[in-house]
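Contents: one structure, followed by commentary.
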Amino acid sequence: MKLISIVVPCFNEQEVFEETYRRLTDTLSQLDSSKYDYELIFVNDGSKDLTVDLIKEKIQLDPKVKGINFARNFGHQIAITAGLDNCKGDAAVVIDADLQDPPIVILEMIKKWEEGYDVIFGKRRERAGESQFKLLTAKYFYRFINRLSDVDIPLDTGDFRLMDRIALDQFLSMRETYRFVRGMVAWIGFKQTFVEYDRESRFAGSTKYPLKKMLRLASDAILSFSNTPLKIATFVGFITSVIAFIGILYALYMRLFTENFVEGWTLLMISVLLIGGIILLVLGIIGEYVGRIYGEIKRRPLYIIKEKMGF
Ligand code: UDP
Ligand code: MG
9 MKLISIVVPC FNEQEVFEET YRRLTDTLSQ LDSSKYDYEL IFVNDGSKDL TVDLIKEKIQ
69 LDPKVKGINF ARNFGHQIAI TAGLDNCKGD AAVVIDADLQ DPPIVILEMI KKWEEGYDVI
129 FGKRRERAGE SQFKLLTAKY FYRFINRLSD VDIPLDTGDF RLMDRIALDQ FLSMRETYRF
189 VRGMVAWIGF KQTFVEYDRE SRFAGSTKYP LKKMLRLASD AILSFSNTPL KIATFVGFIT
249 SVIAFIGILY ALYMRLFTEN FVEGWTLLMI SVLLIGGIIL LVLGIIGEYV GRIYGEIKRR
309 PLYIIKEKMG F
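Every number in our numbering is 8 more than the matching position in the sequence shown, counting from 1.
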């Protein structure tokens, strides 16, 4: 008997919860019950609506359902981690609560898993109901990341994936605070493949990823997987120094060998502003990394669970 764990991060998902539960259960009951068992783990990431009550209600009705209730909102990537930490499956699947990832694809993933793959991620063929802005930023963002970093994050994938216990345990041994799960999974390696699917639009409710959270995820992705910004900072600093040096020679020449040195004022202003700007830029980049070092060094627990339900 193999146990499949399904991890569903939920943040204010009261509008979709029932339907998500229904579709997941429908799909998973199609599995051969003499070979597979499953558990559904809903992680309530500090929702302010009725999500947690709905989860509790389901736990009473269905012994396959389990819940983790966070003490506050810790974010999608952390919610995924908590669910995976607490699952017992021989394989674990992460899926969004909003039905953008069709549960039926899980069956294909399990098939691939049985063929011997350790990580099977969902690759989006079509993306319905997403803003032009999101499509465009996502498209270029992942190409950008892959150029910057040494891990190759598969294009057009999200956090919808199945992981075998072997890969999962390796992933869970990485306890860093700033988590970009996609990158971390790519980093661990193992035998990885994908299944293609059409991403649907959200079943109900609105996105829980406002621009601010997207930007945070993006900076976690870049800064956790690449030191290139630091190298760029050094390079920019170096180039500016060279230009500044030439500027100084020029200013000296004007002062010493010509009469019209007052005109150097323009150059002076430009260089002061330019160099000041570059220094701030470089300091900012360094500051980002220092901030992260500070965050990691604290070794705080990644999340605080208020209660575990149904385990
Ligand atoms: N989510 C979460 N914590 C958050 C934000 C989102 O657990 O702080 C969950 C959310 O409930 C959903 C998944 O992460 O299951 C993806 O979020 P969403 O569908 O809103 O993102 P989008 O598809 O718009 O990028
Ligand atoms: Mg979504």
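Cβ atoms here follow ideal geometry from the backbone N, Cα and C, with glycine treated the same way. None of these values were measured; they are calculated from a predicted model.
With a threshold of 7 Å, the Cβ atom of D106 counts as near the ligand MG, since some heavy atom of the ligand is closer than that. For R132, the enclosing beta strand (DSSP E) starts and ends at V127 to R135. Per DSSP, reduced to three states, the secondary structure at D53 is coil, with no helix or strand assignment. Short of 6 Å from the beta carbon of E315, and not among the five residues preceding or following it, lie these beta carbons of its own chain, in chain order: N77.
For the set E26, D61, P309 and G54, the Cα lying nearest the Cα of R187 is the one of P309. When the five nearest sequence neighbours on each side are left out, the beta carbons in the same chain lying within less than 7 Å of the beta carbon of Y29 are those of K66, in order along the chain.
Taking the Cβ of R210 as the reference point, at least one heavy atom of the ligand MG falls within a distance shorter than 7 Å. Boundaries of the beta strand (DSSP E) around Y205: Q200 to R207. R30 carries a helical assignment under DSSP once its states are collapsed to helix, strand and coil. If you ignore the 5 residues before and after E304, its C-beta comes within less than 8 Å of the C-beta of E184, T185 and Y186, all in its own chain and listed in chain order.
The alpha-carbon of S209 is positioned some 12 Å away from that of D104.
A99 and L92 have their alpha carbons spaced roughly 10 Å apart. Per DSSP, D93 is one residue of the alpha helix (DSSP H) stretching across H84 to D93.
Taking 7 Å as the cut-off, the C-beta of T215 counts as close to a heavy atom of the ligand UDP. In the DSSP assignment, K10 falls outside any alpha helix (DSSP H) and within the unbroken beta strand (DSSP E) covering K10 to C18. When I12, L238 and L180 are compared, the shortest CA-CA separation from I118 is found for I12. Secondary structure of M182 (DSSP, three-state): coil. Taking I112 as the centre and dropping the five residues before and after it, the same chain places the C-beta of T35 closer than 6 Å to its C-beta, in chain order.
In the three-state reduction of the DSSP assignment, V244 falls in the helix class, which pools H, G and I. Cβ neighbours of V244 within its own chain (closer than 8 Å, five residues either side excluded): I286, L289 and V290. Considering only V102, I128, G318 and I283, the residue with the shortest C-alpha distance to V250 is I283.
Contact check for A87 and D53: beta-carbon distance about 4 Å, within the 8 Å limit, so the pair qualifies. For A100, the enclosing beta strand (DSSP E) stretches over residues A99 to V102.
Just so you know, the alpha carbons of Y217 and A226 end up roughly 12 Å apart. Taking the CA atoms as reference points, P71 sits about 11 Å from K64. Counting the other CB atoms within 10 Å of its CB gives Y125 a total of 16 or more, which places it among the buried residues. Cβ neighbours of I196 within its own chain (closer than 7 Å, five residues either side excluded): A175, Q178 and F179. A distance of 8 Å or more separates the beta carbons of L48 and V24.
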